[in-house]
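Protein sequence lines correspond, in order, to chains A and B.
Quick note on numbering: the UniProt record's numbering labels position 130 of the first sequence as 130, and the sequence is numbered without any gaps.
Quick note on numbering: the UniProt record's numbering labels position 137 of the second sequence as 137, and the sequence is numbered without any gaps.
We put the CB at the ideal spot given by N, CA and C, even for glycine.
All values derive from a computational prediction rather than experimental measurement.
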Amino acid sequence: MGTLEVRNLVKEFRLGHGLRRSRLRAVDDVSFTLEAGKTVALVGESGSGKSTVARTLARLETPTSGEIMLDGRSVSGSRSALRAYRHDVQMVFQDPFASLNPFHTVAHHLERPLQLHGVARGRDAVAEHTRALLERVSLTPAEVYAAKRPHEMSGGQRQRVAIARALAPGARFLVADEPVSMLDVSIRLGVLNLLARLQREENLGVLYITHDLATARHFSDEILVMYRGEVVERGPSDQVILDPQHDYTKTLLAAAPDPARHGRLRDEVRAELAGERA
Amino acid sequence: MTVPVLSAKGVSIEYRTTPVVRAVRDVSLTLHRGEILGLAGESGCGKTTFAYGLTRLLKSPAVLTSGEVLFHDRVGGDVDVAALDGEALRAFRWDKVSMVFQGAMNSLNPVITVRAQIDDVLTTHRPGMSRAERAGRAAELLGLVGVDPARLDSYAHQLSGGMRQRVMIAMALALNPQVMIMDEPTTALDVVVQRGILREIMRLREQFGFAVVFITHDLPLLLEISDRIAVMLEGEIVELDTAENIYERPQHAYTRRLLESFPSLVGERGGFVRSGAAAGESGTGHAPGSDADAGPGAAPADSADSAADTTIEGTA
Numbered sequence: 001m002g003t004l005e006v007r008n009l010v011k012e013f014r015l016g017h018g019l020r021r022s023r024l025r026a027v028d029d030v031s032f033t034l035e036a037g038k039t040v041a042l043v044g045e046s047g048s049g050k051s052t053v054a055r056t057l058a059r060l061e062t063p064t065s066g067e068i069m070l071d072g073r074s075v076s077g078s079r080s081a082l083r084a085y086r087h088d089v090q091m092v093f094q095d096p097f098a099s100l101n102p103f104h105t106v107a108h109h110l111e112r113p114l115q116l117h118g119v120a121r122g123r124d125a126v127a128e129h130t131r132a133l134l135e136r137v138s139l140t141p142a143e144v145y146a147a148k149r150p151h152e153m154s155g156g157q158r159q160r161v162a163i164a165r166a167l168a169p170g171a172r173f174l175v176a177d178e179p180v181s182m183l184d185v186s187i188r189l190g191v192l193n194l195l196a197r198l199q200r201e202e203n204l205g206v207l208y209i210t211h212d213l214a215t216a217r218h219f220s221d222e223i224l225v226m227y228r229g230e231v232v233e234r235g236p237s238d239q240v241i242l243d244p245q246h247d248y249t250k251t252l253l254a255a256a257p258d259p260a261r262h263g264r265l266r267d268e269v270r271a272e273l274a275g276e277r278a
Numbered sequence: 001m002t003v004p005v006l007s008a009k010g011v012s013i014e015y016r017t018t019p020v021v022r023a024v025r026d027v028s029l030t031l032h033r034g035e036i037l038g039l040a041g042e043s044g045c046g047k048t049t050f051a052y053g054l055t056r057l058l059k060s061p062a063v064l065t066s067g068e069v070l071f072h073d074r075v076g077g078d079v080d081v082a083a084l085d086g087e088a089l090r091a092f093r094w095d096k097v098s099m100v101f102q103g104a105m106n107s108l109n110p111v112i113t114v115r116a117q118i119d120d121v122l123t124t125h126r127p128g129m130s131r132a133e134r135a136g137r138a139a140e141l142l143g144l145v146g147v148d149p150a151r152l153d154s155y156a157h158q159l160s161g162g163m164r165q166r167v168m169i170a171m172a173l174a175l176n177p178q179v180m181i182m183d184e185p186t187t188a189l190d191v192v193v194q195r196g197i198l199r200e201i202m203r204l205r206e207q208f209g210f211a212v213v214f215i216t217h218d219l220p221l222l223l224e225i226s227d228r229i230a231v232m233l234e235g236e237i238v239e240l241d242t243a244e245n246i247y248e249r250p251q252h253a254y255t256r257r258l259l260e261s262f263p264s265l266v267g268e269r270g271g272f273v274r275s276g277a278a279a280g281e282s283g284t285g286h287a288p289g290s291d292a293d294a295g296p297g298a299a300p301a302d303s304a305d306s307a308a309d310t311t312i313e314g315t316a
């Protein structure tokens, strides 16, 4: 059983220069633990700091203070420590159109991390690993997809390649920053189900960052609600959604469209206007 | 009560590329005065192309190959939109039917102020208005959409995404159009901001009585705001009914599949969730290739996305 733990994470950005210098605290004292085989959802509006948490966890940003612990050991900032850390923790980005290189084939995208992280050596072993990765993300027949370039695939297929690439170094934890928000609705569930299957069958720990409360509820064990850099509410996913405590969580929930409440907004507005006229 | 304001009969639109893409196929639709008509469907189903056809905004290689679009003016007779030309077309656009474009956040001109952009609409279409009248109208418009009129002298980059979107809606309202076509007007926005803007649109609709064609792939959102919803698949409207019927009694397999793509926020945790059981069922009912980006120049049909995964998940 592995754990990825974040303790008192703070990330500040410097703004301006000279006399107009100021600091923006994007993440303010955030702590949580991601366990193997579990999914934690991080929800909040744009600018709430959820992507900064993701980028810091993937060590694309250096924390201002606080600790990241992998299996109970603190991760230092040295090159070798970061390289080792990235064997285990990988990121899936929001935009599968921007995160794959249009000049390279799918095979190239998967072979590079396999070689760089020393997972496979020799042409045959690399090819075999590549095929296995594609099968794990349901891109079959693997030979066909391996030869494709990003523009020959749909958004959902590209995101599957991005997931396979994240798995290539042997990652045990995935940080998925809005992995389906750029995809068509009918494809979203397929990609989320893939992440859920990997989490279940391969004991993957997933940090699922989203602003979609409905999928956060259904695809995660625990939900953290972020607002202005702080976690304002956390708990088992059903509890947070069905019995929200914090005002901000309630606002988010009230704003989320729900198909079961069709006609709600129209009727509310009519009632309001009728009230104003009276 | 149900007086038509815009009607399309047998509209077909092709992209004259090689091979020819039939983006809209024989679509007939009547928009009633003051109603909100939702147009749902995924990328590449032809919904934006159809909207452009309604407003004569199609650009080569897109061609309206058959069908007619009639605008039933509040005063005066019917206008054959497809036959409009030159000055008549220029006068028709924006005045009768205005549009809030997809990615409206980036449709404002970055090098002139909000005031100059609203002014441009008014000087073009209402040459009789004095400078003072135009200034008054511009301030009034921003007030209507809930933006401080002090922002008239701002440039686009000085406004937040939600404010830019509101300014776009103000511009679409400028000439009191009878129809507003909104193409994914809130997609890039946060849920909280999105809700504020939708609320504003609904209020303005009640106040001014314009009809709205609201285009999005977000079916739960459409269910909340629309009077009727048309579901589009591969260039055709496969189902058109009231929001209530679409939700309670969907007839077409594709409508059911779209509905199942959205887990309910507070309802039961459906069987499809994480086990993928219901998604597997819904995967059997949809038309082949319907989940592909079937737009012009797009990728070949996507077989892996729904089919492969749902079978695997279904057996799990």
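Determine, using beta carbons only, whether residue 265 of chain B comes closer than 8 Å to chain A. In the second sequence, counting from the first residue as 1, residue 265 of chain B sits at position 265. Yes, residue 265 of chain B counts as interfacial toward chain A.
Smallest Cα separation from residue 167 of chain B: which of B:218, B:250 and B:185? Along the second sequence, one-based indexing puts residue 167 of chain B at 167. Selection B:218, B:250 and B:185 evaluated against residue 167 of chain B yields B:185 as nearest (Cα-Cα).
Residues bridged to residue 236 of chain A (per DSSP): Stepping through the first sequence from its first residue, residue 236 of chain A is reached at position 236. Under DSSP, the beta-bridge partners assigned to residue 236 of chain A are A:222.
Measuring only the C-alpha atoms, how far is residue 70 of chain A from residue 207 of chain A? Locating residue 70 of chain A in the first sequence gives position 70, where the first residue counts as 1. Locating residue 207 of chain A in the first sequence gives position 207, where the first residue counts as 1. Spanning the two alpha carbons is a distance of roughly 14 Å.
Could you list which residues in chain B have their beta carbon closer than 7 Å to that of residue 228 of chain A, in chain order? To locate residue 228 of chain A, count along the first sequence from 1; it is residue 228. The contacting residues do not exist; residue 228 of chain A stays about 13 Å from chain B at best.
Chain A partners of residue 192 of chain B, CB-CB under 8 Å? By 1-based counting over the second sequence, the position of residue 192 of chain B is 192. Near residue 192 of chain B (Cβ distances below 8 Å), the residues of chain A are 45, 251, 252 and 255.
Could you give the DSSP three-state label for residue 197 of chain B: helix, strand or coil? Mapped onto the second sequence, residue 197 of chain B falls at position 197. Of the three classes helix, strand and coil, the one that applies to residue 197 of chain B here is helix, per DSSP.
So with Cβ pairs under 8 Å, would you call residue 31 of chain A a contact of chain B? The residue given as residue 31 of chain A occupies position 31 in the first sequence. No, no contact with chain B.
Among A:15, A:127 and A:29, nearest to residue 9 of chain A - alpha-carbon criterion: Indexing the first sequence from 1 puts residue 9 of chain A at position 9. Nearest option by C-alpha distance: A:29.
If the criterion is Cβ atoms closer than 8 Å, does the pair residue 25 of chain B and residue 236 of chain B meet it? As a working mapping, residue 25 of chain B is identified with position 25 in the second sequence. As a working mapping, residue 236 of chain B is identified with position 236 in the second sequence. Yes, the pair counts as a contact, with Cβ atoms nearer than the cut-off.
Expected contact under 8 Å - CB spacing of residue 169 of chain B and residue 100 of chain B to nearest Å: Mapped onto the second sequence, residue 169 of chain B falls at position 169. Mapped onto the second sequence, residue 100 of chain B falls at position 100. Between the beta-carbon of residue 169 of chain B and that of residue 100 of chain B there is about 6 Å, and that keeps the pair under the 8 Å contact cut.
The alpha helix (DSSP H) with residue 163 of chain B in it runs from where to where? For the purposes of this step, residue 163 of chain B is taken as the residue at position 163 of the second sequence. Residues 161-173.
Assign residue 42 of chain B to one of three DSSP states: helix, strand, or coil. Here residue 42 of chain B corresponds to residue number 42 of the second sequence, with the count starting at 1. Coil, per DSSP.
With contact counted as at least three CB pairs below 8 Å, one residue from each stretch, are the region 20-35 of chain B and the region 252-262 of chain A in contact? no
At which residues does the beta strand (DSSP E) containing residue 90 of chain A begin and terminate? Stepping through the first sequence from its first residue, residue 90 of chain A is reached at position 90. Unbroken beta strand (DSSP E) run through residue 90 of chain A: 89-92.
How far does the alpha helix (DSSP H) with residue 255 of chain B in it extend, from its first residue to its last? To locate residue 255 of chain B, count along the second sequence from 1; it is residue 255. Element bounds for residue 255 of chain B: 253-260.
Listing by chain order, which chain A residues have their CB less than 7 Å from the CB of residue 247 of chain B? Your numbering for residue 247 of chain B matches position 247 in the second sequence. Result: 259 and 262.
What are the partner residues of residue 10 of chain A, as DSSP defines its beta bridges? Taking the first sequence and counting its residues from 1, the one referred to as residue 10 of chain A is at position 10. As computed with DSSP, residue 10 of chain A is found in a beta bridge with A:65.
Going along chain A, which residues have a C-beta under 8 Å from residue 218 of chain B? Locating residue 218 of chain B in the second sequence gives position 218, where the first residue counts as 1. Those within 8 Å of residue 218 of chain B in chain A are 185 and 257.
N-terminal and C-terminal residue of the beta strand (DSSP E) that residue 65 of chain B is part of: The sequence position of residue 65 of chain B within the second sequence is 65, counting from 1. From DSSP, the beta strand (DSSP E) with residue 65 of chain B extends over 62-72.
Quick one: list the residues of chain A neighbouring residue 257 of chain B, beta-carbon separation under 9 Å, in chain order. Mapped onto the second sequence, residue 257 of chain B falls at position 257. Correct list: 186.
By Cβ distance, which residues of its chain are closer than 8 Å to residue 262 of chain A, with the 5 residues on each side in sequence left out? Against the first sequence, residue 262 of chain A aligns to sequence position 262. Excluding positions up to five away in sequence, the list is empty.
Nearest-angstrom Cα distance between residue 73 of chain A and residue 232 of chain B? Within the first sequence, the letter at position 73 stands for residue 73 of chain A. Within the second sequence, the letter at position 232 stands for residue 232 of chain B. Answer to the nearest angstrom: the Cα atoms are 53 Å apart.
Assuming residue 63 of chain A contacts residue 247 of chain B (C-beta within less than 8 Å), just tell me the rounded distance between them. Locating residue 63 of chain A in the first sequence gives position 63, counting from the first residue. Locating residue 247 of chain B in the second sequence gives position 247, counting from the first residue. In fact, because the Cβ distance is near 46 Å, the residues do not count as touching under 8 Å.
Residue 112 of chain A, DSSP secondary structure in three states: For this step, residue 112 of chain A is matched to residue 112 along the first sequence. In this structure, residue 112 of chain A counts as helix in the three-state DSSP scheme.
Can you tell me whether residue 61 of chain B is buried or exposed? The criterion is at least 16 other CB atoms within 10 Å of its CB, across all chains shown. Here residue 61 of chain B corresponds to residue number 61 of the second sequence, with the count starting at 1. Classification of residue 61 of chain B: exposed, given that the 10 Å Cβ count is below 16.
With 8 Å set as the bound, which would you pick, yes or no: does the beta-carbon of residue 270 of chain A sit closer than that to a beta-carbon of chain B? Counted from its first residue, the first sequence places residue 270 of chain A at position 270. It does; some Cβ of chain B falls within 8 Å.
For residue 80 of chain B, report the span of its alpha helix (DSSP H) as first-last. To locate residue 80 of chain B, count along the second sequence from 1; it is residue 80. Not the alpha helix (DSSP H): residue 80 of chain B falls in the beta strand (DSSP E), residues 78-80.
Own chain partners of residue 229 of chain A with C-beta closer than 6 Å, once the 5 adjacent residues on each side are dropped: For this step, residue 229 of chain A is matched to residue 229 along the first sequence. Excluding sequence neighbours, residue 229 of chain A sits near 25, 26, 27, 28 and 49.
Would the region 72-86 of chain A count as touching the region 234-250 of chain A if we require 3 or more Cβ pairs under 8 Å? no
Whose C-beta lies closer than 6 Å to the C-beta of residue 231 of chain A among residues of the same chain, with five residues either side of it excluded? Against the first sequence, residue 231 of chain A aligns to sequence position 231. So the qualifying residues of the chain are 30 and 224.
Beta-carbon separation (whole angstroms), residue 221 of chain B vs residue 229 of chain B, contact threshold 8 Å: Counted from its first residue, the second sequence places residue 221 of chain B at position 221. Counted from its first residue, the second sequence places residue 229 of chain B at position 229. No, residue 221 of chain B and residue 229 of chain B are not in contact; Cβ-Cβ is about 11 Å, not under 8 Å.
Check this for me: beta carbons of residue 40 of chain A and residue 210 of chain A, under 8 Å apart or not? By 1-based counting over the first sequence, the position of residue 40 of chain A is 40. By 1-based counting over the first sequence, the position of residue 210 of chain A is 210. No, the pair does not count as a contact, with Cβ atoms beyond the cut-off.
Hey, could you find the ends of the alpha helix (DSSP H) residue 124 of chain A is sitting in? Numbered from 1 along the first sequence, position 124 holds the residue referred to as residue 124 of chain A. It spans 123-136 - the alpha helix (DSSP H) in which residue 124 of chain A sits, taken as one unbroken run.
What is the residue span of the alpha helix (DSSP H) that residue 47 of chain B lies within? In the second sequence, residue 47 of chain B corresponds to position 47, counting from 1. Counting along the chain, the alpha helix (DSSP H) containing residue 47 of chain B begins and ends at 47-54.
Give the residues from the region 213-242 of chain A that approach chain B closer than 9 Å (Cβ to any Cβ), ordered along the chain. 213, 214, 215, 217, 218, 219, 238, 241 and 242
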